[in-house]
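Trainee: I have a structure I would like to understand better, so I am pasting it below and will then ask my questions one at a time.
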Amino acid sequence: MNRLVLRRNVWHLLLIPLCLVWIYPFVWMISAAFKTPREMLIGGLALLPDDATLDNFRRAWTTAKFSTYTANTVTYSIAVVVLVLLVASTAGYALARPGLPGKKVLVGLLVATMFIPHGYTIIPTFLLVNGLGLGNGLLGAALAQAGPALVVPVLLFMGFFSGIPKELEEAARIDGAGYLRTYWKVMLPLAKPVLGTVALMNFIGAWNAFFIPLVFTLGNPDLRTLGVGMYGFYGQDTTDWTGLAAAACISVIPIVVVFLFLQKTFVEGIAGAVKS
Amino acid sequence: MKIRPALTVLAGTVALALSGCNLVGGSPDTADTGKVTVTVALVPDPPGASEFYRQQFDEFEKANPGIAVKVLENPTDQQLNAVELMFQQNNAPDVFRAQDDGMDRMAARGWVAPLDEFVTPDFLKRFPEGSMDPATSGLHRDGKLMSLPLVWGPWSTLRVFLYNEDLLKQSGFDGPPKTWGDLERIATKVTADGKGKYFGYAPTSAKAPSVEMLAGTAVPYSVPATGVDFRTGKPALSSPGLVEAVELHRRLQAAKVLMPGWESWDGSRAFKEFAAGRLAMYPTAPWHVAEVRKLAPELKLGVAGLPVPDAGRGAYLPLSKSFSPLWSMSAKSAHKAEGWKVMDFLASEGFHQAYYQKFGTLTALEGAWKSEAEKNPDQAALLKVAEETMRRAPNPSLASAGGRAMTEALAAEPDLKYTDAAVSSIIKNQPFAPAAAQLDKKLGSYLGQAATELKGKGQEGSAKDLTFAGWDPLKDYTPGG
Numbered sequence: 006m007n008r009l010v011l012r013r014n015v016w017h018l019l020l021i022p023l024c025l026v027w028i029y030p031f032v033w034m035i036s037a038a039f040k041t042p043r044e045m046l047i048g049g050l051a052l053l054p055d056d057a058t059l060d061n062f063r064r065a066w067t068t069a070k071f072s073t074y075t076a077n078t079v080t081y082s083i084a085v086v087v088l089v090l091l092v093a094s095t096a097g098y099a100l101a102r103p104g105l106p107g108k109k110v111l112v113g114l115l116v117a118t119m120f121i122p123h124g125y126t127i128i129p130t131f132l133l134v135n136g137l138g139l140g141n142g143l144l145g146a147a148l149a150q151a152g153p154a155l156v157v158p159v160l161l162f163m164g165f166f167s168g169i170p171k172e173l174e175e176a177a178r179i180d181g182a183g184y185l186r187t188y189w190k191v192m193l194p195l196a197k198p199v200l201g202t203v204a205l206m207n208f209i210g211a212w213n214a215f216f217i218p219l220v221f222t223l224g225n226p227d228l229r230t231l232g233v234g235m236y237g238f239y240g241q242d243t244t245d246w247t248g249l250a251a252a253a254c255i256s257v258i259p260i261v262v263v264f265l266f267l268q269k270t271f272v273e274g275i276a277g278a279v280k281s
Numbered sequence: 109m110k111i112r113p114a115l116t117v118l119a120g121t122v123a124l125a126l127s128g129c130n131l132v133g134g135s136p137d138t139a140d141t142g143k144v145t146v147t148v149a150l151v152p153d154p155p156g157a158s159e160f161y162r163q164q165f166d167e168f169e170k171a172n173p174g175i176a177v178k179v180l181e182n183p184t185d186q187q188l189n190a191v192e193l194m195f196q197q198n199n200a201p202d203v204f205r206a207q208d209d210g211m212d213r214m215a216a217r218g219w220v221a222p223l224d225e226f227v228t229p230d231f232l233k234r235f236p237e238g239s240m241d242p243a244t245s246g247l248h249r250d251g252k253l254m255s256l257p258l259v260w261g262p263w264s265t266l267r268v269f270l271y272n273e274d275l276l277k278q279s280g281f282d283g284p285p286k287t288w289g290d291l292e293r294i295a296t297k298v299t300a301d302g303k304g305k306y307f308g309y310a311p312t313s314a315k316a317p318s319v320e321m322l323a324g325t326a327v328p329y330s331v332p333a334t335g336v337d338f339r340t341g342k343p344a345l346s347s348p349g350l351v352e353a354v355e356l357h358r359r360l361q362a363a364k365v366l367m368p369g370w371e372s373w374d375g376s377r378a379f380k381e382f383a384a385g386r387l388a389m390y391p392t393a394p395w396h397v398a399e400v401r402k403l404a405p406e407l408k409l410g411v412a413g414l415p416v417p418d419a420g421r422g423a424y425l426p427l428s429k430s431f432s433p434l435w436s437m438s439a440k441s442a443h444k445a446e447g448w449k450v451m452d453f454l455a456s457e458g459f460h461q462a463y464y465q466k467f468g469t470l471t472a473l474e475g476a477w478k479s480e481a482e483k484n485p486d487q488a489a490l491l492k493v494a495e496e497t498m499r500r501a502p503n504p505s506l507a508s509a510g511g512r513a514m515t516e517a518l519a520a521e522p523d524l525k526y527t528d529a530a531v532s533s534i535i536k537n538q539p540f541a542p543a544a545a546q547l548d549k550k551l552g553s554y555l556g557q558a559a560t561e562l563k564g565k566g567q568e569g570s571a572k573d574l575t576f577a578g579w580d581p582l583k584d585y586t587p588g589g
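Going down the list, the sequences are from chains A and B.
Position one of the first sequence corresponds to residue 6 (our numbering), numbered consecutively onward.
Position one of the second sequence corresponds to residue 109 (our numbering), numbered consecutively onward.
So this is what it looks like as structure tokens:
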């Protein structure tokens, strides 16, 4: 027992400094957000500001329009999550049916699309979204973000639904439920862990997304998301580093809070999906 | 996680988000306020500019009740792409910021409206005498005024030498180096005295732009800038002045005099090191002066002209155009008259005075700041250095269509610039002359090839368009003179 405790303590001694190194950039970012530009640029590596200020947050929130960007990012991320959940769960349910013709080809095609880099598809995607008349809102960008993000969720749902006993569906049919009602009332509630995992994964992905929001909001700065808005702190010759640090805090803190609240669901979802 | 409450929250948030209308987008500016909205696309540069522009446009709106100014901010790196996209989506801004080549990029697509119909003699009188001459303004294309400036003409090509008076004094030097030999001697002594706490000199950033800056006092500016000597129209990277500028840095690097780590510096690292008292001297663009002051107001900063070769000055820094283009009007604007009012405001003495007071930048309208700048030691030093070290120089881009085509062709081949070979020579401690000779050969054949390609397309352009035989880089150049 003592040897076990000793071994554990040795591991802790080794890992704690590693964790500190890992977490230092994040702590530094928070510290920089409260420093003056002078202290941050030439004041060394001290984490506690000598003369703490909230001016960086004020500048980021109002002047750099991070209030608007935060609202846009919430809208964008929720839209992506809703689209992914809707399409991935229905597609996964359909693909989980044993008798579906061409199932292997469909799954193969889905997996193949994972290997196409975004850069190659962005122009046709942009033209398509514009052609649909969705270029003036975040829905177009959300569709472009959700499309390529669907593959893993579809496979997760497919794997999960395949593992549910067929008898459950048959019982629902006997009780008079149709295909959609069975999906909505019986199967989907069972998939709560997968729903949670997919929602969280895609929420984080959409919240942190840069490339697609950048391309889709270039011509419409009022639609910018937080990731793209950070770019605004880079001037032609100089960068507002303390404003950027405050903006990074505004961007990161909500997603960390969401993760902390939902981490149990996330882990359960991954474990559940893998098991089934 | 309970799914029902979660779904309820989700649905509520979706509804809330949808109500913001950003999800599906709405028709912009549908509210009928009886005002004409002028859209201005700009960049939030320098830091703090967003707030400044909004305050200024609020003042403008008070004075012009029929006009509302809508500001569209784009990140500096993305401004041109964003404006292009706005044009392609038929959503172009009325007024936009497109600097230097950016304006040409927009004009080439027919998106820039000439401003001549709006410009009056009184308007032109705001600018220094002779500076709005179509041949040299830098704002005209084919004789038409295509843009308005923001900053002082010499600002973009002026280079100064910054030094820390205290650090130099500690090593027994009363003033900055006058020659390259002085520079080598002083830098070596200061670095030795610094014992690793501070250093005598650094090449400004990773691409060692200090080589180009110092070389600009030895050879015509066109040699480090394009590889071509505009007096002959021939490649001249092997010019002794440029080779010696690289060799000077090579010797300093080999002797461990240069501040370590400069090889990875970005464009703003030097002023941070200087402000922190870790760097004693470096050559730079004038905007570094204000940045150093912001970070270290107490530092004893000296601003001087660049040291010249030991054999004496071979060239002055170039004033190859009066201004750099910045504000342009959209050719597709439905509100050109109102757009011009905004541009007129952006080129007004009041706006330039406010800009100078906020950012310390010397602007295009000298009358707005000159008397105040002369009282400010840093800015007075900049003005003095500009007067002493800058002369008018030929500019092929403004001189002829062929010159513009050849300049663009040279800019399209960055591999033919001396920069990478020079940095490699400094870091690897290898002589630069053989690499320069090789580059000259490649550049020579490329110039011929570019001229042939232009001829094939029925366009003008040859080495002749890069030749200004009568130009003396030690004197002011007069176009056609």
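Note that beta-carbon positions come from the ideal geometry of N, C-alpha and C, so glycine has one too.
None of these values were measured; they are calculated from a predicted model.
Classify Thr138(B): buried if its beta carbon has 16 or more other beta carbons within 10 angstroms, exposed otherwise.
Mentor: The residue you call residue 138(B) lines up with position 30 of the second sequence. With a pLDDT of only 45 at Thr138(B), under 50, the local geometry of the prediction cannot be trusted, and the value read off the model is given with reservation. When all chains shown are included, Thr138(B) counts as exposed.
Trainee: Can you tell me whether Arg102(A) is helix, strand or coil according to DSSP?
Mentor: The sequence position of residue 102(A) within the first sequence is 97, counting from 1. Coil.
Trainee: Going by DSSP, which residues form a beta bridge with Gly410(B)?
Mentor: Numbered from 1 along the second sequence, position 302 holds the residue referred to as residue 410(B). Answer is Tyr271(B), bridged to Gly410(B).
Trainee: Taking Leu133(A) as part of the alpha helix (DSSP H), name the residues at either end of that continuous run.
Mentor: Translated into the one-based positions of the first sequence, residue 133(A) becomes position 128. Looking at the DSSP string, the run of the alpha helix (DSSP H) that includes Leu133(A) is 123-136.
Trainee: To which residues of the same chain is Ser281(A) closer than 7 angstroms at the C-beta, ignoring the five residues directly before and after it?
Mentor: The residue given as residue 281(A) occupies position 276 in the first sequence. Confidence at Ser281(A) is low in this model, with a pLDDT of 42, below 50, so its placement is unreliable and no value can be given for it.
Trainee: Take Ser127(B) and list the residues in its own chain whose beta-carbon comes closer than 7 angstroms to its own, dropping the five residues that flank it on each side.
Mentor: On the second sequence, position 19 is the one that residue 127(B) refers to. Residue confidence is low: Ser127(B) scores 47 on pLDDT, short of 50, so the model does not pin down where it sits. No coordinate-derived value is stated.
Trainee: Against chain B, with Cβ distances strictly below 7 angstroms, would Thr80(A) count as a contact?
Mentor: Against the first sequence, residue 80(A) aligns to sequence position 75. With 7 angstroms as the cut-off, Thr80(A) counts as an interface residue toward chain B.
Trainee: In chain order, what residues of the segment 38-60 of chain A put their CB closer than 8 angstroms to some CB of chain B?
Mentor: Against chain B - using a Cβ distance shorter than 8 angstroms - the residues of the segment 38-60 of chain A are Pro42, Arg43, Leu46, Ile47.
Trainee: Alpha carbon to alpha carbon, what distance is there between Pro158(A) and Ile258(A)?
Mentor: One-based indexing of the first sequence puts residue 258(A) at position 253. One-based indexing of the first sequence puts residue 158(A) at position 153. Looking at the two C-alpha atoms, the distance is approximately 25 angstroms.
Trainee: Of all the CB atoms in chain B, is at least one closer than 7 angstroms to the CB of Asn213(A)?
Mentor: Taking the first residue of the first sequence as position 1, residue 213(A) is located at position 208. Asn213(A) does not count as touching chain B.
Trainee: Mapping the DSSP letters down to three states, classify Thr138(B) as helix, strand or coil.
Mentor: Along the second sequence, read from residue 1 onward, the residue named residue 138(B) stands at position 30. Note that Thr138(B) has pLDDT 45, beneath the 50 cutoff, so the model's placement of it is unreliable and the number below is only indicative. The answer is coil: DSSP assigns Thr138(B) none of H, G, I, E or B.
Trainee: My parser needs the alpha helix (DSSP H) runs of 4 or more residues fully inside the segment 316-363 of chain B; what are they?
Mentor: Here the runs fully enclosed are 317-323, 330-334, 348-362.
Trainee: What's the gap between the Cα of Arg102(A) and the Cα of Phe62(A)?
Mentor: Walking along the first sequence from the start, residue 102(A) turns up at place 97. Walking along the first sequence from the start, residue 62(A) turns up at place 57. Their backbone Cα atoms lie some 52 angstroms apart in a straight line.
Trainee: Taking the straight line between their C-alpha atoms, what separation do you get for Arg12(A) and Leu18(A)?
Mentor: As a working mapping, residue 12(A) is identified with position 7 in the first sequence. As a working mapping, residue 18(A) is identified with position 13 in the first sequence. Looking at the two C-alpha atoms, the distance is approximately 10 angstroms.
Trainee: What is the C-beta distance between Phe264(A) and Ile209(A), in whole angstroms, given that I count them as a contact (C-beta under 8 angstroms)?
Mentor: Counting from 1 along the first sequence, the entry for residue 264(A) is found at position 259. Counting from 1 along the first sequence, the entry for residue 209(A) is found at position 204. The pair is a contact, with the Cβ atoms about 7 angstroms apart (cut-off 8 angstroms).
Trainee: Use the C-beta contact count for Ser428(B): other C-beta atoms within 10 angstroms, 16 or more gives buried, fewer gives exposed.
Mentor: What you label residue 428(B) is simply residue 320 of the second sequence in a count that begins at 1. So Ser428(B) ends up on the buried side.
Trainee: Compare the beta carbon distance of Gly410(B) and Tyr271(B) with 7 angstroms and say whether it is the shorter of the two.
Mentor: In the second sequence, residue 410(B) corresponds to position 302, counting from 1. In the second sequence, residue 271(B) corresponds to position 163, counting from 1. Yes; because the gap between Cβ atoms is below 7 angstroms, this pair is in contact.
Trainee: Does Asn537(B) pass the burial test, meaning 16 or more other C-beta atoms within 10 Å, or should it be called exposed?
Mentor: Counted from its first residue, the second sequence places residue 537(B) at position 429. Classification of Asn537(B): exposed, given that the 10 Å Cβ count is below 16.
Trainee: Between Asp202(B) and His443(B), how many whole angstroms is the CB-CB distance? I'm expecting something under 8 angstroms.
Mentor: Residue 202(B) sits at position 94 when you count from the first residue of the second sequence. Residue 443(B) sits at position 335 when you count from the first residue of the second sequence. Rounded, the Cβ-Cβ distance is 6 angstroms, consistent with contact.
Trainee: What are the residues of the segment 131-149 of chain A that lie near chain B, defined by any Cβ-Cβ distance shorter than 7 angstroms?
Mentor: Result list: Gly140, Asn141, Gly142, Leu143, Leu144.
Trainee: Around the C-beta of Ser255(B), are 16 or more other C-beta atoms found within 10 angstroms, so that it is buried, or is it exposed?
Mentor: In the second sequence, residue 255(B) corresponds to position 147, counting from 1. It counts as buried.
Trainee: As a quick exercise: from Ala323(B), Gly238(B), Gly385(B), Met321(B), pick the residue whose alpha carbon is nearest that of Gly304(B).
Mentor: By one-based count along the second sequence, residue 304(B) stands at place 196. Nearest C-alpha to Gly304(B): Gly385(B).
Trainee: In chain order, which continuous runs of the alpha helix (DSSP H) of length 4 or greater are located wholly inside the segment 492-565 of chain B?
Mentor: 504-507, 509-519, 527-536, 541-564, all fully within the segment 492-565 of chain B.
Trainee: Using the DSSP secondary-structure output, state which residues sit across from Trp435(B) in a beta bridge.
Mentor: Translated into the one-based positions of the second sequence, residue 435(B) becomes position 327. Answer is Arg205(B), Leu256(B).
Trainee: Buried or exposed: where does Val354(B) fall if 16 or more other Cβ atoms within 10 Å of its Cβ makes it buried?
Mentor: The residue you call residue 354(B) lines up with position 246 of the second sequence. Buried, since its Cβ has 16 or more Cβ neighbours within 10 Å.
Trainee: What residue range is occupied by the uninterrupted beta strand (DSSP E) comprising Leu427(B)?
Mentor: As a first step, residue 427(B) is located in the second sequence; it is residue number 319 there, counting from the start. Taken as a continuous stretch (DSSP letters only), the beta strand (DSSP E) holding Leu427(B) covers 425-427.
Trainee: If Pro311(B) and Gly324(B) are in contact, beta carbons under 8 angstroms, what's the gap, nearest whole angstrom?
Mentor: Within the second sequence, numbered from 1, the residue matching residue 311(B) stands at position 203. Within the second sequence, numbered from 1, the residue matching residue 324(B) stands at position 216. Not a contact, Cβ separation roughly 14 angstroms.
Trainee: Under 8 angstroms by Cβ, that's how I've got Met194(B) and Gly49(A) pegged, so tell me the actual separation to the nearest angstrom.
Mentor: Counting from 1 along the second sequence, the entry for residue 194(B) is found at position 86. Counting from 1 along the first sequence, the entry for residue 49(A) is found at position 44. Their Cβ separation, rounded to whole angstroms, is 44 angstroms, which puts Met194(B) and Gly49(A) out of contact at 8 angstroms.
Trainee: Can you tell me whether Met119(A) is buried or exposed? The criterion is at least 16 other CB atoms within 10 Å of its CB, across all chains shown.
Mentor: By 1-based counting over the first sequence, the position of residue 119(A) is 114. When all chains shown are included, Met119(A) counts as exposed.
Trainee: For chain A, find out if any of its Cβ atoms is closer than 7 angstroms to the Cβ of Leu180(B); answer yes or no.
Mentor: Mapped onto the second sequence, residue 180(B) falls at position 72. Closer than 7 angstroms to some Cβ of chain A, the Cβ of Leu180(B) qualifies, so yes.
Trainee: With DSSP as the reference, label Glu399(B) as helix, strand or coil.
Mentor: Start at 1 with the first residue of the second sequence, and residue 399(B) comes out as number 291. DSSP places Glu399(B) in helix when its eight states are reduced to three.
Trainee: For Thr80(A), which residues in the same chain have their Cβ closer than 7 angstroms to its Cβ, ignoring the five residues on either side in sequence?
Mentor: Translated into the one-based positions of the first sequence, residue 80(A) becomes position 75. Closer than 7 angstroms at the Cβ level, and outside the excluded window around Thr80(A), lie Leu143.
Trainee: Between which residues of its own chain and Leu150(B) is the CB-CB distance below 7 angstroms, once the five residues before and five after are set aside?
Mentor: Your numbering for residue 150(B) matches position 42 in the second sequence. Closer than 7 angstroms at Cβ, skipping near neighbours: Tyr161, Val179, Glu181, Arg205.
Trainee: Consult DSSP for Ala455(B) and reduce its assignment to one of helix, strand or coil.
Mentor: Mapped onto the second sequence, residue 455(B) falls at position 347. Correct three-state label for Ala455(B): coil.
Trainee: Taking the alpha-carbon positions, what's the Trp16(A) to Trp27(A) distance?
Mentor: Taking the first sequence and counting its residues from 1, one reaches residue 16(A) at position 11. Taking the first sequence and counting its residues from 1, one reaches residue 27(A) at position 22. Answer to the nearest angstrom: the Cα atoms are 16 angstroms apart.
Trainee: Extract the residue ranges of the alpha helix (DSSP H) inside the segment 224-253 of chain A, only unbroken runs of 4 or more that lie entirely within it.
Mentor: Segments of the alpha helix (DSSP H) lying fully in the segment 224-253 of chain A: 231-234.
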